[in-house]
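Report on the following structure.
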Amino acid sequence: MENRDIREQEIMDAVSAFEMMLREQINRNEKMRKGRKESPADTGLHEGKKIIGIAAGDGIGPVIMRETRKVLEKLLKQELAAGSVEFRDIQGFTLENRLACGETVPEEVLEEMRKCHVLLKGPTTTPNAAMNTKNLESANVFLRRTFDLYANVRPVSIPEEGIDWTFFRENTEGEYALGSRGVAVNDCLSVDFKVTTYEGTRRIAKAAFDFARNNGKKKVSIVTKANILKKTDGSFLEIARDVAKDYPEIETDSWFVDIMAANLVNKDIRGDFQVFLLPNLYGDIITDEAAQIQGGVGTAGSANIGSDYAVFEAIHGSAPRMVEQGIEEYANPASLMKAASMMLAHIGFTEKAERLEKALSAADEAMGPSMTGLPGGGKCIDFASCVMQNL
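Quick note: the sequence shown uses our numbering, first residue 24, plus one each step.
Structural data, given as structure tokens:
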């Protein structure tokens, strides 16, 4: 076969792969339209026994989960004893087992997660080319898609600087929807895809504006790059603005993501922002920046909420370098503990969530600067002990 014929076949293969993905995404959007639930539903978590799945993950995950669990056991001592709350350990959610099974999340592990009402999840390592292992998809992306956890909610608060931000990141679309399924034409061209749907954008926008209305917030800022990505980001911005019309009491403005990145470090204006609405990739990047302003990615928790399920986690990764260096005991558990606080509020334990937030604030004030993640700094167990002393 001549080179020209080979190239034509490569192009046709790429077009065929794209057509398959396009049809899948159209079908997904149709399913969302038929079963539309425009805001996370109350799935009965405030009544009856609550089963909390505990999945430690890998890297520093088992260390920070160990201490977070101790805190939860103290807060929920009576409920655990009475049987109204159950912790259920999810086994097999480790990098080693996932690689051995050749699955991002092995089916038996997924089935155990489904038996829980909510999941508290430690960070997980996503294999990459440098690791010389099977290139599995991100477990986070897989779980968000599998449970349709479309709203990624990340709060950042620095009271002394007048910062009280809540980020609503679309969680199932954007670059992440097909991030592992781009196409390559031989070695000369690679293309990845970004997905924006009407249904997907409308529901995350409605979640952000509902939160603003229900929590007395006066402003929602939409963040895109609509001047460049006119189809995907352009649609996101247009749909979000259309949703905003139903909330006339809330001020709505829009920013390009690069300028918003600059705004967050501008002390003259950053206190003016309250609620942010962002597509998937920008939400990932901007919330890491916001967490760093708060004190580091080790200080921020995250909720992944859908209509029927929710997963709570730290916003950071598994920090494999810390494990390689043998310093995982110096990891800061504040991020996962804040996620645990969000989980408590979600399942109806508002008072306990508030107690934990206050204890975390006290621990941050007492130990925050020492939680460097390096030898000589504060240890995970010491921070947890400080939290429990303040409960």
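Glycine is no exception: its CB is placed at the ideal position from the N, C-alpha and C atoms.
Determine the contact status of residue i and residue j, defining contact as a CB-CB distance below 9 Å.
{"i": "Glu135", "j": "Gln114", "result": "yes"}
{"i": "Leu359", "j": "Ile87", "result": "yes"}
{"i": "Pro150", "j": "Lys157", "result": "yes"}
{"i": "Ala363", "j": "Arg177", "result": "no"}
{"i": "Lys138", "j": "Gly71", "result": "no"}
{"i": "Gly321", "j": "Thr148", "result": "no"}
{"i": "Asp291", "j": "Phe232", "result": "no"}
{"i": "Gly306", "j": "Asn209", "result": "no"}
{"i": "Ala228", "j": "Ala267", "result": "yes"}
{"i": "Gly197", "j": "Leu304", "result": "yes"}
{"i": "Asn327", "j": "Gly401", "result": "no"}
{"i": "Ser277", "j": "Arg293", "result": "no"}
{"i": "Thr91", "j": "Val179", "result": "no"}
{"i": "Asn52", "j": "Glu222", "result": "yes"}
{"i": "Gly324", "j": "Phe335", "result": "yes"}
{"i": "Phe216", "j": "Arg204", "result": "yes"}
{"i": "Asn250", "j": "Phe296", "result": "no"}
{"i": "Tyr173", "j": "Gly58", "result": "no"}
{"i": "Val132", "j": "Phe116", "result": "yes"}
{"i": "Phe299", "j": "Val243", "result": "yes"}
{"i": "Ala342", "j": "Glu352", "result": "no"}
{"i": "Thr275", "j": "Ile245", "result": "yes"}
{"i": "Glu96", "j": "Phe110", "result": "yes"}
{"i": "Asp112", "j": "Asp331", "result": "no"}
{"i": "Thr169", "j": "Asn238", "result": "no"}
{"i": "Ala489", "j": "Ala37", "result": "Past the edges of the chain, shown from 24 to 414, lies residue 489, and the structure says nothing about it."}
{"i": "Cys403", "j": "Arg30", "result": "no"}
{"i": "Glu261", "j": "Ala284", "result": "no"}
{"i": "Met390", "j": "Phe406", "result": "yes"}
Going by DSSP, which residues form a beta bridge with residue i?
{"i": "Pro178", "result": "Thr189"}
{"i": "Lys73", "result": "Val108"}
{"i": "Asp276", "result": "Ser244"}
{"i": "Ala18", "result": "With the chain running from 24 to 414 in the structure shown, residue 18 is simply not present."}
{"i": "Val86", "result": "Answer by DSSP bridge pairing: none, since Val86 is not bridged."}
{"i": "Ala362", "result": "DSSP lists no partner for Ala362."}
{"i": "Val128", "result": "Val128 pairs with nothing; no bridge assigned."}
{"i": "Gly197", "result": "Val218"}
{"i": "Ala337", "result": "Gly324"}
{"i": "Val266", "result": "In DSSP, Val266 forms no bridge with anything."}
{"i": "Val94", "result": "None; Val94 has no bridge partner."}
{"i": "Val206", "result": "Val214"}
Residue i: which of the options sits nearest, CA to CA?
{"i": "Val164", "options": "Ile338, Ser393, Met411, Ala342", "result": "Ile338"}
{"i": "Leu118", "options": "Glu109, Arg111, Val128", "result": "Val128"}
{"i": "Ser384", "options": "Leu414, Leu252, Met366", "result": "Leu414"}
{"i": "Ala333", "options": "Glu126, Pro271, Lys54, Leu166", "result": "Leu166"}
{"i": "Ser107", "options": "Ile370, Met394, Val410, Ala382", "result": "Ile370"}
{"i": "Lys241", "options": "Lys253, Pro271, Arg226", "result": "Pro271"}
{"i": "Leu159", "options": "Asp187, Trp188, Leu122, Tyr173", "result": "Leu122"}
{"i": "Ala235", "options": "Lys381, Asp187, Ala357", "result": "Asp187"}
{"i": "Ile74", "options": "Val141, Phe116, Met43", "result": "Val141"}
{"i": "Phe191", "options": "Ala40, Thr247, Gln317, Ser161", "result": "Thr247"}
{"i": "Ser218", "options": "Glu47, Thr169, Asp295", "result": "Per the sequence shown, the amino acid found at residue 218 is Val instead of Ser. Minimum Cα distance to Val218 is reached at Glu47."}
{"i": "Leu287", "options": "Pro302, Thr275, Ile308", "result": "Ile308"}
{"i": "Thr395", "options": "Lys57, Ala357, Lys253", "result": "Ala357"}
{"i": "Asn120", "options": "Gly80, Arg89, Lys144", "result": "Gly80"}
{"i": "Thr195", "options": "Met55, Met43, Ala78, Phe41", "result": "Met55"}
{"i": "Glu183", "options": "Phe406, Asp405, Ala407, Glu388", "result": "Glu388"}
{"i": "Ala382", "options": "Glu109, Lys361, Ser213", "result": "Lys361"}
{"i": "Arg162", "options": "Gly125, Ile181, Ala407, Glu193", "result": "The sequence shown places Ala at residue 162, rather than the Arg named in the question. Per the Cα distances, Gly125."}
{"i": "Pro392", "options": "Glu374, Gly349, Gln317, Ser408", "result": "Gln317"}
{"i": "Pro85", "options": "Met365, Leu143, Ala207", "result": "Leu143"}
{"i": "Asp281", "options": "Leu301, Gly82, Met365", "result": "Leu301"}
{"i": "Phe41", "options": "Asp256, Ile83, Gly202, Gly82", "result": "Gly202"}
{"i": "Leu212", "options": "Thr224, Gly399, Ile34", "result": "Ile34"}
{"i": "Arg344", "options": "Ser408, Ile83, Ser39", "result": "Ile83"}
{"i": "Glu193", "options": "Phe259, Met44, Gly399, Ala105", "result": "Phe259"}
Just confirm the distance between the C-beta atoms of residue i and residue j, as a whole number of angstroms; I'd bet it's less than 8 Å.
{"i": "Leu462", "j": "Leu379", "result": "No answer is possible for residue 462: it lies beyond the span of the chain, which begins at 24 and ends at 414."}
{"i": "Val410", "j": "Ala386", "result": "5 Å"}
Taking only runs of the alpha helix (DSSP H) that begin and end inside the stretch 283 to 334, which ones reach a length of at least 4 residues, in chain order?
Annotation note: the stretch 283 to 334 contains the following uninterrupted alpha helix (DSSP H) runs of length 4 or greater, listed N- to C-terminal: 303 to 317.
Whole alpha helix (DSSP H) elements within the stretch 208 to 238, 4-residue minimum
221 to 237
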